[in-house]
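Please read the structure below before turning to the comments.
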Amino acid sequence: MRIPKLLQAVLVLVFVYYGFIVVFDYILGAVIPRSLLTMYMFFATAGVFMVFTFDEQGAHELVAPIKAMVEQPRFRFIRNLVFLIIPIAVGYNVYGRTLPSFEAPVELRTIHPAPPSTAKIYGNRVNLLTLENPFRHTQTDDPELFAEYVAEGAEVYIMNCQYCHGDKLDGKGPFAEGLNPTPLNFQDIGTIAQLQESYLFWRITTGGPGLPQEAAPWISSMPVWQDFLSVDEVWKVILFLYDYTGHEPRSWGEADAGH
Amino acid sequence: MRQFLTVISFMLLTIGAFAGFSNLGIPQIEPAPPPVEEVIDLGSMNMEQFIALGDRIFNGKGTCTLCHNSLGRAPDLGQIGTNAQARLDDDRYAGDAADIEGYLSESLTNPSAYVVVGFGKAGSDDTESPMPSTSGGSIALSDPELAAVIAYLQDKGGLEVTVEIPTDVEVPEEEPAEVASGEPRAPFTTFQELADEFACEACHTIGEEAGDLGPNLSAIGASRDAEYIRRAILDPNADIAEGFDEGMMPDDMGEQIYAIELEIMVDFLSQLK
Amino acid sequence: MNTNKKLLSYGILATLVVGLLAAFGGTDLSAAFAAGEEVAATTGGYGPAPVTTAADYPSVAGANGRLVVWIVAQLHLWFAAFVLAVPIFVFIIEVIGMRTRDKRYDDMAYEFIKVSITAYSLTAILGGLLLFALILFYPHLFGYLSTIFSDSMFYYALLFFAESAVLYLYYYGWHWLQGGVRKWIHLTLGLLLNAVGTGLMLLANSWLTFMMSPAGVDAAGVFSGDSWAAIHNFLWNPINIHRFVANIAYGGSIVGAYAAFKFLTAGTDREKAHYDWMGYNANFIAICALLPLPFAGYYLAAEIYAYSQQMGITLMGGIFAWLFIIQAVLIGALFLSANYYLWCGMGRSDGAKRYHKYIKYIAIVLIGAFLVWFTPHTLVLTNSELKALGGPHHSILGPLGIMPAKNTAVNTMIIFTFLSFLFYRRSNKVAVVRWERAGNIAQVALFAAGIANILFLGIYHGYFTNTVYKVAASIPQVMTTFVVIVTSLVLDSFIYRGAKDVGPLHWGRIPDRAQYALFLLAVAFTWLMGLMGYIRSGIRQHWHVVDIMRDNSADAFTPTLGYAANVVSIAAIIFLTMVIFVFWIAQVSSTKTLPSGYWKE
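Protein chains in written order, with the working numbering: chain H, 2 to 260; chain F, 46 to 318; chain C, 90 to 690.
Here it is as structure tokens:
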């Protein structure tokens, strides 16, 4: 027997919905945020509607049962039932959403706030737009010296940073569990690989307290490293971060030349 | 008509859906308010704003960057933080400041108290500074303005800002920019007024005032005619006297002075023989 | 520069100012006059950019100056975009009509240009209103800009006269200049009209890009006197390209909505067929322009980054990042409704059934790509989700939030939209060439290879190489898309050489639902333009002219996105009301009432 179109549509949507949940939450082990899933379902519904109604026959088949239920006298009982259930379901949903809960409000941090054009670092006003890593040039000029700098940076990293950011630079250091937001995972393509070195210099030296207003809430526990490290040490750590992860710092000049 | 209303409702619903999504579907982040601008009202000013005021004076009214810039006409003040103490301790120091704040203050009003090697007036063996006092002459910074510049210099040099914001003085309302006022100034009538207004003698030697960043003009009329002088004022880079650098003199004099003032200057200078 | 010309343009401006102010008694005139004096004071030499305080922004009748300027500017821009776009495709349609000698095209072109005449005067009125609002609420800014752009403002006025003259000749001469050489003269007029219109847009663009990426002035804002440098500033060309393409798409969508409404209210089958055909063509133009638009936008964003990293991060990574999620949803809506319209349109042919079974696969890919397209980089997570994920970063969805994934998604969407179109084209045809099967296999292979290449580029360059190449990877992706589309079109034209028609095409045989897709397209375009206009202007933040002239008014703050969306929605409703008026007027002009017994016999 052929499944009626309306039922088909509903089944597809149910399948998609639980498909997402099963795949993400259980198979991949990374829950899909419910806010995102809601949006996904909205557009999945739009897509199903489009596919089922683009030709006359399909559209007719889709709405026929609904039409029949509303119009035909013999479905009176079902009609009344449906007209009762839908408002109750909607009302229950609204009630559930507005009910006060113990859940803390959702906090949203801007992970990469726009840097100020200048920042006060080590007592000097530094122009972040033009700031460059003074050791970066050795990468091409003097690879041996560069390797030495990287090694020094690695030492600084192991002594100071790995407790949170992890010895594999994956954000899973021994202290990471206790922090929220969790320390950044430098291996991830979405973190340092997207940024210029001057941005890292700014974030490392000024830490959580140096975040601009828009990055609120200020709950980052990143220390203000300019109080503990020297300028050269910070720059060498930055060399190490990129060297170890295999990322290249973002560079607009080269990217421009690319196209 | 029914069709029309349906379409209108559909469009309104669509717009409503877009607006609803923008308001409810995404988190509303309150962007940071614009950074505070320097307020002139000293009473309600915090140190950040006071330093910003100093920055503005340094780059504007104080005309400091005319010489203290990357061209090396005057010492680079970026290193003032490390240099100031060293200069205080230097044997050549002739002033009576006890701390860095005092040193900076003295440098602004009595620049010859310590002259950085190589920056002194020619022939003075680095005992006399070519810099004019910023509290007098054409620059004429008020005490609170001087304090702001010191605060700015301390901040820029990475020093602790020790200056206190003056509270018991009249508010030094900055001269509104020429453009904003729209009120044309009255022309000057004597050369000396003009020389003071445009600080000619900061660089040029004219009679008694001695500056040596630009050519000595004390007898300019003997060697150059009026036409040359006129051009030298309006377009200073057209001819550069030997031993001086291009681009030192402002090239916008033509926009700052009236024609009648230009003639006053040309007349006066061409008669210096 | 020529002082006489300057004086003349000031004269024109001053007359406008005084005239408008006189009509607006009881307002704070002094500030506006101060602006005039500024202009006068700086004619000799150029002064630095004015430094303003909150008191320099007049408050007029309690109105919020920023809101007024914002809404009026947006309305002006919508009408201008429409008015500039219509002649472009009227020209194209006229050419098609001349080549095919199908009079329907000529009639349709005439109907379009008729609609744009009223819109043209509304554009001018709104432009005047914008000027008025600027002078009234931002006298110092306007004064400063007019010292720099005095020359171009003068030429702008001249061009405006030229535009009017050519437009009237083009419109009123339509039926006069018909046939043979006359038609060619008419077509030349159309070309001229477009040239002048584009010139107008380029000039106006330079004023606003100057505010984003000032050039020809020093750090204090003192103008060097080089007008060309100020016009040819860093972001001028990227904006020009983006606006030019977007205008065409926008004009197409508005005309599409017009045709859709006429279709719904049509009384006869003949009329229905005509407006169905018109809607199809308008939609076709809109889609053709929509396809390259993401790339023009990408180029613009890349150039903004190149100009200033700070501005770039404000744009994409900072406070405006969520705006791009709204944008993604709207662009997705545009693509989906355009596709839906094409699918519905297949009902016009009796042979379309053959392709129905493929539609659901296209839909699945489109929706899938769309979901990737709007997945945000920063996810909204509840605390329990945060805990479950161990942090704000999502290992699977996170990578979907950055550029390579977006590029891959949008290229996929474009290829599949093209596929919808290909099916639509084929729906009424039966190929007669013997190698049809081989041809189809080649087509399938082409699409498969193209999509595989796009996926490979996206995944490999996006995740396995460093960032420098990540940006560059988008170029080969676009090229792949382009090659697939062009090759496929060429191949198809060979496969269907001399093809038989299944039957006559039934214009007008399309469900009413499809017309609503056209309405959605128009509304989404309008709203999206408003939103992107806001961000284009908003990334300047508290600057009138970036880093040169600071906005010290009470409204210098950047509002939340919800606030901006509400303003855009209100402006969009005003705009749609005005557009309905324009269409209604166009209809009224052709309606005649014959009262009996009213006139003397």
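Cβ atoms here follow ideal geometry from the backbone N, Cα and C, with glycine treated the same way.
key: Residue-level contact to chain H via CB, E83/F, 8 Å cutoff   = Only weak support exists for where E83/F lies, its pLDDT of 47 falling under 50; the value from the coordinates is given anyway. At least 8 Å separates the CB of E83/F from every CB of chain H.
inquiry  = Is there a Cβ of chain F sitting closer than 8 Å to that of F608/C, yes or no?
reply    = Output row for F608/C: interface = yes.
task = In angstroms with no decimal places, state the Cα-to-Cα distance between K237/H and A498/C.
result = Our two residues, K237/H and A498/C, have alpha carbons roughly 38 Å apart in a direct line.
message = Based on DSSP bridge pairs, tell me the residues matched to W632/C.
response = According to DSSP, W632/C shares a beta bridge with R639/C.
task = Go ahead and pull the three-state DSSP assignment for D590/C.
result = Strand.
task = Could you check if F505/C is buried or exposed, using at least 16 other CB atoms within 10 Å of its CB as the buried criterion?
result = A residue is called buried once 16 or more other Cβ atoms fall within 10 Å of its Cβ, and F505/C is buried on that count.
ask   = So what does DSSP say about S122/H, is it helix, strand or coil?
value = Sequence check: residue 122/H is Ile here, not Ser. Three-state result, I122/H: strand.
query = Hey, quick one: how far does the alpha helix (DSSP H) through R188/C stretch, first residue to last?
reply = 154-189 is the span of the alpha helix (DSSP H), which, as asked, contains R188/C.
key: Contained alpha helix (DSSP H) runs [length at least 4] in the region 142-210 of chain H, N- to C-terminal order   = As summarised for the region 142-210 of chain H, the continuous alpha helix (DSSP H) elements at least 4 residues long and confined to that stretch are 144-157, 163-166, 198-207, given in chain order.
inquiry  = Determine, for A322/F, whether the minimum Cβ-Cβ distance to residues of chain C falls below 8 Å.
reply    = Shown here, chain F extends from 46 to 318; a query on residue 322/F therefore has no answer.
task = Can you check DSSP and say which residues form a bridge with V306/C?
result = For V306/C, the beta-bridge partners assigned by DSSP are F312/C.
query = What did DSSP end up calling K689/C once you bin it into helix, strand or coil?
reply = K689/C: coil per DSSP, three-state reduction.
key: Cβ contact (3+ pairs, closer than 8 Å) linking the region 445-453 of chain C and the region 471-489 of chain C   = The region 445-453 of chain C, when compared against the region 471-489 of chain C, does not touch it at the 8 Å Cβ threshold.
query = Does the count of Cβ pairs from the region 144-159 of chain H and the region 223-241 of chain H closer than 8 Å reach three?
reply = Touching, per the Cβ criterion.
inquiry  = Taking the alpha carbon of L278/C as the reference point, which residue from M300/C, I662/C, T467/C, V184/C has its own alpha carbon closest?
reply    = Ranked by how close their Cα comes to the Cα of L278/C, the residues M300/C, I662/C, T467/C, V184/C have V184/C in first place.
request  = Give a yes or no on whether 8 Å exceeds the smallest Cβ distance from Y123/H to chain F.
outcome  = It does; some Cβ of chain F falls within 8 Å.
request  = Would you identify the three-state DSSP class for N326/C, choosing helix, strand or coil?
outcome  = Here N326/C sits in helix by DSSP.
key: Proximity test, Cβ basis, 8 Å: Q48/F and chain C   = At least one CB of chain C lies nearer than 8 Å to the CB of Q48/F.
ask   = From P156/F to S174/F, what does the alpha carbon distance come to, in whole angstroms?
value = In a straight line, the C-alpha of P156/F is about 6 Å away from that of S174/F.
key: DSSP state of K446/C mapped onto helix, strand, coil   = The answer is helix: DSSP assigns K446/C an H, G or I state.
ask   = Going along the region 122-153 of chain H in order, which residues come within less than 8 Å of chain F, judged by CB to CB distance?
value = Going along the region 122-153 of chain H in chain order, one finds Y123, G124, N125, R126 with a Cβ nearer than 8 Å to chain F.
inquiry  = Any C-beta of chain F within less than 8 Å: which residues of the region 590-605 of chain C qualify?
reply    = Those residues of the region 590-605 of chain C that come within reach of chain F (Cβ to Cβ, closer than 8 Å) are Y605.
query = By the 10 Å Cβ neighbour count, where 16 or more other Cβ atoms means buried, how is L665/C classified, buried or exposed?
reply = Looking at its Cβ environment, which holds 16 or more other Cβ atoms inside 10 Å, L665/C is buried.
Members of the region 446-459 of chain C near chain H, C-beta cut-off 8 Å = So the list reads I448, K449, A452, I453, L455, I456, F459, given in the order they occur along the chain.
request  = Under 7 Å Cβ to Cβ from F384/C, same chain only, skipping five residues before and after it: list those, please.
outcome  = Listed in chain order, the non-local C-beta contacts of F384/C below 7 Å within the same chain comprise V567, local neighbours out to five positions each way being set aside.
query = What is the DSSP secondary structure of N134/H, counted as helix, strand or coil?
reply = N134/H: coil per DSSP, three-state reduction.
task = Starting from the beta carbon of L665/C, find every residue of chain F whose beta carbon is closer than 9 Å, and list them in chain order.
result = Neighbours of L665/C in chain F, taken as residues whose beta carbon is under 9 Å from its own, are I53, M56, L57, I60 in chain order.
task = Measure the C-alpha to C-alpha separation of I205/H and F229/H and round it to an integer number of angstroms.
result = Roughly 11 Å between the two C-alpha positions.
G99/F vs Y197/F beta-carbon contact at 8 Å = Yes, the pair counts as a contact, with Cβ atoms nearer than the cut-off.
task = Give a yes or no on whether 8 Å exceeds the smallest Cβ distance from W411/C to chain F.
result = Yes, contact with chain F.
query = Can you tell me the Cα-Cα spacing of G259/H and A390/C, whole angstroms?
reply = Because the pLDDT at G259/H is just 30, under 50, the model does not fix this residue reliably, and the point stays unresolved.
query = Closer than 7 Å: is that where the CB of T127/F sits relative to any heavy atom of the ligand GTP?
reply = Here there are no bound small molecules, and the ligand GTP is not part of this structure.
query = Given a threshold of 16 other Cβ atoms within 10 Å of its Cβ, counted over all protein chains shown, does V216/F qualify as buried or as exposed?
reply = Caution applies to V216/F, whose pLDDT of 47 falls short of 50 and renders its modelled position unreliable; the model cannot decide the point.
query = Cβ of F63/F within 8 Å of Cβ of L404/C?
reply = No; because the gap between Cβ atoms is not below 8 Å, this pair is not in contact.
task = Could you confirm whether any beta carbon from chain H is found closer than 8 Å to the beta carbon of G487/C?
result = Answer yes: the Cβ-Cβ gap between G487/C and chain H drops below 8 Å somewhere.
task = Kindly identify the DSSP beta-bridge partner or partners of N282/F.
result = Paired residues: none, contrary to the question.
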